[in-house]
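Written below as structure tokens is the structure these notes are about.
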Amino acid sequence: MKELRLMKGNEAIAEAAIRAGADAYFGYPITPQSEVIEYLMAEKPHERTGMVVLQAESEVAAINMVYGAAACGKRAMTSSSSPGISLKQEGISYIAGAELPCLILNVVRGGPGLGTIQPSQSDYFQATKGGGHGDYRLIVLAPASVQEMYDFVKLSFDLAFKYRNPVMILSDGVIGQMMEKVEIGEQYPRLTNEQIDELYPWATTGKKPGKDRRIITSLELDPGRQEQHNLKLQAKYKKMQEEEVRYEALNCEDAEYLLVAFGSSARICQKAMDLGRAKGLKIGLLRPITLFPFPSKILHELATKVKGMLTVEMNAGQMVEDVRLAVCGKVKVEHYGRFGGMIPSPAEVLHALETKIIGG
Amino acid sequence: MEQNFDLPEIHTPENLVYTKTKVLTDNVMHYCPGCGHGTVHRLIAEVIDEMGIQDQVIGVAPVGCSVLAYNYFDIDMQEAAHGRAPALATGIKRVFPEKFVFTYQGDGDLAAIGTAETIHACNRGENITIIFINNGIYGMTGGQMAPTTLPGMPTSTSPYGRDVKMMGNPLKITELVAMLPGTYFVTRQAVHTPALVRKTKKAIRMAFENQKLNRGVSFVEIVSNCNSGWKLTPVQAIKWLEENMLPFYPLGDLKVNGEMVSK
Ligand SMILES: Cc1ncc(C[n+]2csc(CCOP(=O)(O)OP(=O)(O)O)c2C)c(N)n1
Ligand code: SF4
Chain U
383 MKELRLMKGN EAIAEAAIRA GADAYFGYPI TPQSEVIEYL MAEKPHERTG
433 MVVLQAESEV AAINMVYGAA ACGKRAMTSS SSPGISLKQE GISYIAGAEL
483 PCLILNVVRG GPGLGTIQPS QSDYFQATKG GGHGDYRLIV LAPASVQEMY
533 DFVKLSFDLA FKYRNPVMIL SDGVIGQMME KVEIGEQYPR LTNEQIDELY
583 PWATTGKKPG KDRRIITSLE LDPGRQEQHN LKLQAKYKKM QEEEVRYEAL
633 NCEDAEYLLV AFGSSARICQ KAMDLGRAKG LKIGLLRPIT LFPFPSKILH
683 ELATKVKGML TVEMNAGQMV EDVRLAVCGK VKVEHYGRFG GMIPSPAEVL
733 HALETKIIGG
Chain L
62 MEQNFDLPEI HTPENLVYTK TKVLTDNVMH YCPGCGHGTV HRLIAEVIDE
112 MGIQDQVIGV APVGCSVLAY NYFDIDMQEA AHGRAPALAT GIKRVFPEKF
162 VFTYQGDGDL AAIGTAETIH ACNRGENITI IFINNGIYGM TGGQMAPTTL
212 PGMPTSTSPY GRDVKMMGNP LKITELVAML PGTYFVTRQA VHTPALVRKT
262 KKAIRMAFEN QKLNRGVSFV EIVSNCNSGW KLTPVQAIKW LEENMLPFYP
312 LGDLKVNGEM VSK
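From first to last, the protein sequence lines stand for chains U and L.
Note that this note's numbering numbers the first sequence so that position 164 is 546, with each residue one more than the last.
Note that this note's numbering numbers the second sequence so that position 104 is 165, with each residue one more than the last.
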């Protein structure tokens, strides 16, 4: 029997973490994602699976606790919302440099600055272009439902360990706060220390007699070797681009006009597409699921088939830059956005498509 | 190897009273001659060796002159961002409560940029060891003012001496962490004389042994020198340390077995 539960997106993340066999969560409260740590604390995962949950003194401390635990080969995660994610950037850069696997959840709220506690997608650039200092990338997954919030936790840990790279779930206040039916998966066991030693020859678990010591660092002062390290990272990001692109294509076969949107904007676009189709407009929807690696190839292909594309984002136009890069001038690409916690309505989206692309 | 020198063989078993500790690697240390960092490294390595815990220790290196500490210890180590070592150590110890975890940090790392991480790891009573090298200056970046720089002390960012009205007072963070309920052992030591080296080693040993008790942070400050940053010869630096640093940072235990030591 399938186990179904009505849950908030943030709660689904927390339950999924326990079920995925996560070893540790470190976080600091911030709206609209505090339910993640609240749910975890209430669930006593220490008793359920032995998972550690700790409220840190800041997001800076939390991400560095993740660093320490991840460097031990453990499945460690943190969650926050935009201002807190900015604080974590130092640690994320170090984690990427030291090639450690971990999960970071950003339930995005509007900015800049303290901004608003309402939903937004204005951290797309920060998430997909690096975020902190240095040349690095995160794998970025954008859930569009509470179910995907749940499902992407295990997927994130799997990808993080496959590539020894931090993975970010880029959600927003809508998905974090809304309640939907979730199919709860099985309980995966946490790895034993013996399994960690066997699986992760890089992890600092205590130097084994007769074996080399293990060092986790992002420092390499020799420019030649630092360049080699950077090249190795770039090769890894290239492999992600070749193997990990995920997207959902709806009604793209016969589409004349394409909406491109991720996360909650994609949910709104789906409705806008239905409204348009009811009027006889052949509208398709391309929903990037991985924002890095970006589904450039499919967009490039669709550019030869459609008459125009509209990206719909709750920001001033961020993903639109990647769409334009992908279609390389082949077709008109416009952006429609609302910000500051304002959420576009399906009718508004359809109107934007009609004026900016179809009539434009 | 062919011996060309007309010297008596001294490496005989009965003469062999001192060797390199096996927990130190063969890498040549980059520290300036006369610097205290190397001495403290050796003491930590000896303690790990003598306790037989080389396979159970995870160390955390800071950002500062000892950023490359992981090159010298033959143990598993992690390199932290500037000031964040106690947060890493928290993460490590929470997932590996049975291992021995220590941080090694300078004064800028521990008492300026990392103050929040230090205070909160201490206040939570993380069951870790913190080794704190107080040389009153930023050694690595070329001798700038540290949170521990003495009043009137010249540095490259206080070239006319630390003016406390303008630049604030030195922070006695060791006294501060001793007040917190999460610290179990807090002491201030030095390594510029053989007798003090022996005392420091005892303190470091206790700081590691305490982790078996699971009673909170063991915090060992070592008042050290930075002859390069202080622009003094090693010998002058030791004299300066005794005459200036020690009156302000008096040596001795501040807290033992969770109890404040009354002075
Ligand atoms: C975020 C950040 N800010 C500044 C620096 C530059 N920096 C490197 S070491 C250091 C000070 C080190 O002084 P201390 O901790 O006292 O150690 P020492 O070198 O004296 O042993 C500074 C400011 C840095 N690496 N990272
Ligand atoms: S600069 Fe100072 S702290 Fe750094 S190695 Fe030299 S003497 Fe030691």
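We put the CB at the ideal spot given by N, CA and C, even for glycine.
C-beta neighbour in chain U for residue i, strict 8 Å
i: valine 89 of chain L; result: no
i: lysine 81 of chain L; result: no
i: glycine 113 of chain L; result: no
i: aspartate 137 of chain L; result: yes
i: valine 128 of chain L; result: yes
i: lysine 273 of chain L; result: no
i: glutamine 117 of chain L; result: yes
i: leucine 152 of chain L; result: Sequence inspection shows glycine at residue 152 of chain L; the leucine mentioned does not correspond to that position. Judged by the 8 Å Cβ criterion, glycine 152 of chain L is in contact with chain U.
i: tyrosine 131 of chain L; result: yes
i: glutamate 178 of chain L; result: yes
i: lysine 324 of chain L; result: no
i: lysine 160 of chain L; result: yes
Contact with chain L by residue i, beta-carbon distance below 8 Å
i: glutamate 576 of chain U; result: no
i: cysteine 484 of chain U; result: no
i: valine 731 of chain U; result: no
i: proline 591 of chain U; result: yes
i: serine 462 of chain U; result: no
i: threonine 761 of chain U; result: Limits of chain U in this structure are 383 at one end and 742 at the other, which puts residue 761 of chain U out of reach.
i: glutamate 441 of chain U; result: no
i: isoleucine 598 of chain U; result: yes
i: glycine 473 of chain U; result: yes
i: glycine 588 of chain U; result: yes
i: arginine 546 of chain U; result: no
i: phenylalanine 543 of chain U; result: no
i: aspartate 405 of chain U; result: yes
i: arginine 607 of chain U; result: no
i: valine 713 of chain U; result: no
i: leucine 601 of chain U; result: yes
i: alanine 396 of chain U; result: no
i: valine 522 of chain U; result: no
Beta bridge counterpart(s) of residue i as assigned by DSSP
i: valine 642 of chain U; result: U/Leu668 and U/Thr693
i: leucine 386 of chain U; result: U/Glu565
i: leucine 436 of chain U; result: U/Phe408
i: phenylalanine 674 of chain U; result: U/Val522
i: glutamine 139 of chain L; result: U/Ile598 and L/Val121
i: alanine 631 of chain U; result: U/Leu668
i: proline 760 of chain U; result: No answer is possible for residue 760 of chain U: the residues shown for chain U start at 383 and end at 742.
i: tyrosine 221 of chain L; result: Bridge partners of tyrosine 221 of chain L: none, in fact.
i: leucine 573 of chain U; result: Beta-bridge pairing links leucine 573 of chain U to no other residue.
i: methionine 206 of chain L; result: L/Ile198
i: serine 553 of chain U; result: U/Val489
i: phenylalanine 280 of chain L; result: L/Ile191 and L/Val247
Counted within 10 angstroms of its Cβ, other Cβ atoms place residue i as buried (16 or more) or exposed
i: glutamate 393 of chain U; result: buried
i: methionine 138 of chain L; result: buried
i: leucine 274 of chain L; result: exposed
i: aspartate 224 of chain L; result: exposed
i: cysteine 760 of chain U; result: This structure does not reach residue 760 of chain U, given that chain U is present from 383 up to 742, and the question cannot be answered.
i: histidine 428 of chain U; result: exposed
i: valine 322 of chain L; result: exposed
i: histidine 102 of chain L; result: buried
i: arginine 607 of chain U; result: exposed
Beta-carbon neighbours of residue i, restricted to chain L and to distances below 9 Å
i: lysine 426 of chain U; result: Those do not exist, as lysine 426 of chain U stays about 15 Å from chain L at its closest Cβ, beyond 9 Å.
Residue i CB to nearest heavy atom of ligand 1 below 7 Å
i: histidine 253 of chain L; result: no
i: cysteine 93 of chain L; result: no
i: threonine 202 of chain L; result: yes
i: isoleucine 174 of chain L; result: yes
i: histidine 71 of chain L; result: Per the sequence presented here, residue 71 of chain L reads as isoleucine, with histidine not at that position. Answer for isoleucine 71 of chain L: no, Cβ out of range of ligand 1.
Under 8 Å from the C-beta of residue i: neighbouring residues of chain U
i: leucine 149 of chain L; result: Asn446, Met447, Tyr449, Gly450 and Ala453
i: histidine 181 of chain L; result: Ala438, Glu439 and Ala443
Contact set between residue i and chain L, taken where Cβ atoms lie within less than 8 Å
i: threonine 431 of chain U; result: Chain L residues near threonine 431 of chain U: none, gap ~13 Å exceeds 8 Å.
i: arginine 519 of chain U; result: Within 8 Å Cβ-Cβ: nothing; arginine 519 of chain U doesn't reach chain L, min ~19 Å.
Neighbour list for residue i in chain L, Cβ cutoff strictly below 7 Å
i: lysine 511 of chain U; result: Here the premise fails: no neighbours, minimum Cβ distance about 21 Å.
i: tyrosine 476 of chain U; result: Ala142
Closer than 7 Å at the beta carbon, the chain U residues around residue i
i: phenylalanine 157 of chain L; result: Cys454
Distance cut-off 7 Å: residue i Cβ against heavy atoms of ligand 3
i: serine 217 of chain L; result: Ligand 3 is absent from the structure shown, which contains only ligand 1 and ligand 2.
Any non-hydrogen atom of ligand 2 closer than 7 Å to residue i Cβ
i: cysteine 96 of chain L; result: yes
i: methionine 206 of chain L; result: no
i: cysteine 126 of chain L; result: yes
Proximal chain U residues relative to residue i, where beta-carbon distance stays under 9 Å
i: arginine 103 of chain L; result: The premise fails here: arginine 103 of chain L is roughly 17 Å from chain U at the closest Cβ pair, so nothing lies under 9 Å.
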